[in-house]
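Here the structure comes first, spelled out in structure tokens, and everything after it is commentary.
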Ligand code: FES
Ligand code: FES
């Protein structure tokens with residue numbers, strides 16, 4: 001186990017980013033209904049009709065990015081999202097997964113409330129199974145080494161780095177991915193807050209940030225102050241440096257959720 005000097009409630013611990021452990025937290029599901037975000041089409045239309053200003057252009061790009069993630073939260077759009085985000089390495093992993101799927105080990109998961117039965121290679125990684133076999137591509141592969149948090153999902157209510165976890169270890173478990181947070185067309189309060197606070201640029205880290213944030217807000221051991229939230233989220237890296245807005249979004253979501 002690697003040594004890590006941060007606070008025990010650090011999300012990196014919770015995510016297993018530092019030592020592969022899974023600590024308990026129970027992400028809440030708020031019934032708060034945030035304002036509906038504008039659609040990607042609305043943003044695109046706004047960009048066309050009002051092309052002035054780099055800020056609007058960037059926001060339009062951000063809207064497209066989050067809309068892609070939002071689209072991934074809708075089952076009908078998952079295959080398209082996969083096509084858009086798959087890298088050559090991921091494609092190779094997908095081929096490998098497909099090759100062993102027919103004669104792999106049986107695995108049953110509850111994924112976003114749906115029972116899924118499949119066959120996986122004994123060494124299949126949970127992240128790859130989610131992305132390549134279940135087409136849940138909202139969960140991203142960043143470092144693939146437990147360092148960036150892009151792959152964060154909840155297993156039985158605990159935030160983990162899915163790139164570090166063998167799929168077969170989770171037989172019978174309940175997995176929640178970013179696609180499982182929204183309720184129909186209503187975003188989870190953390191999703192809505194990320195949207196409204198512009199808490200992303202490229203959006204690659206966003207699903208992992210949101211999944212960790214949901215877990216952090218549900219973990220009563222973690223302080224409510226900004227410093228505690230920053231530390232708890234330290235296992236999630238944003239290469240675009242959107243940390244200030246991410247923090248603002250999390251704290252806003254806390255108040256939306258009555259926390
Ligand atoms: S921590 Fe899993 S992809 Fe980076
Ligand atoms: S928004 Fe680009 S990596 Fe975080």
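Residue numbers (UniProt numbering): 1 to 259. C-beta: ideal position from N, C-alpha, C; glycine also. Computed from a prediction, not measured in an experiment: that's the story for all the values here.
Limits of the beta strand (DSSP E) - the one that residue i falls within
i, result
"residue 106", "105-111"
"residue 114", "114-120"
"residue 218", "Segment 206-218 is the alpha helix (DSSP H) holding residue 218; no beta strand (DSSP E) there."
"residue 199", "Neither: residue 199 is in no beta strand (DSSP E) and is coded neither H nor E."
Residue i CB to nearest heavy atom of ligand 1 below 6 Å
i, result
"residue 149", "yes"
"residue 220", "no"
"residue 264", "Nothing in the structure corresponds to residue 264, since the chain is present only between 1 and 259."
"residue 142", "yes"
Residue i to residue j span [Cα, whole Å]
i, j, result
"residue 168", "residue 111", "14 Å"
"residue 218", "residue 206", "18 Å"
"residue 253", "residue 209", "13 Å"
"residue 255", "residue 156", "25 Å"
"residue 240", "residue 107", "37 Å"
"residue 143", "residue 185", "31 Å"
"residue 228", "residue 211", "17 Å"
"residue 249", "residue 103", "45 Å"
"residue 214", "residue 190", "7 Å"
"residue 109", "residue 130", "10 Å"
"residue 50", "residue 139", "Since pLDDT at residue 50 reaches only 42, below the 50 mark, its modelled position is unreliable, and the value read off the structure follows with that caveat. Using only the alpha carbons, I get a separation of about 33 Å."
"residue 136", "residue 177", "8 Å"
"residue 161", "residue 141", "10 Å"
"residue 222", "residue 216", "7 Å"
"residue 277", "residue 125", "Only positions 1 to 259 of the chain appear in this structure, which leaves residue 277 out of reach."
"residue 134", "residue 119", "11 Å"
"residue 197", "residue 163", "28 Å"
"residue 117", "residue 203", "30 Å"
Cβ of residue i within 7 Å of any chain C Cβ
i, result
"residue 151", "Although the question refers to chain C, the structure presented lacks it and comprises just one protein chain."
Residue interval of the alpha helix (DSSP H) (run including residue i)
i, result
"residue 245", "243-256"
"residue 230", "226-232"
Residue of the options minimising C-alpha distance to residue i
i, options, result
"residue 225", "183, 116, 201, 251", "251"
"residue 181", "202, 154, 201", "154"
"residue 147", "257, 245, 236", "236"
"residue 243", "222, 201, 259", "201"
"residue 113", "119, 172, 161, 150", "172"
"residue 166", "149, 121, 176, 135", "121"
"residue 115", "238, 259, 175", "175"
"residue 170", "259, 150, 105, 188", "105"
"residue 238", "123, 150, 127", "150"
"residue 287", "245, 258, 132", "Outside the modelled stretch of the chain, which goes from 1 to 259, sits residue 287, for which no answer is possible."
Per DSSP, the bridge partner or partners of residue i
i, result
"residue 166", "125"
"residue 186", "183"
"residue 161", "152"
"residue 174", "110"
Any non-hydrogen atom of ligand 2 closer than 6 Å to residue i Cβ
i, result
"residue 243", "no"
"residue 163", "no"
"residue 201", "yes"
"residue 239", "yes"
Contact test: residue i Cβ vs ligand 3 heavy atom, cutoff 6 Å
i, result
"residue 175", "Questions concerning ligand 3 fall outside what the structure shown contains, since the ligands it does hold are ligand 1 and ligand 2."
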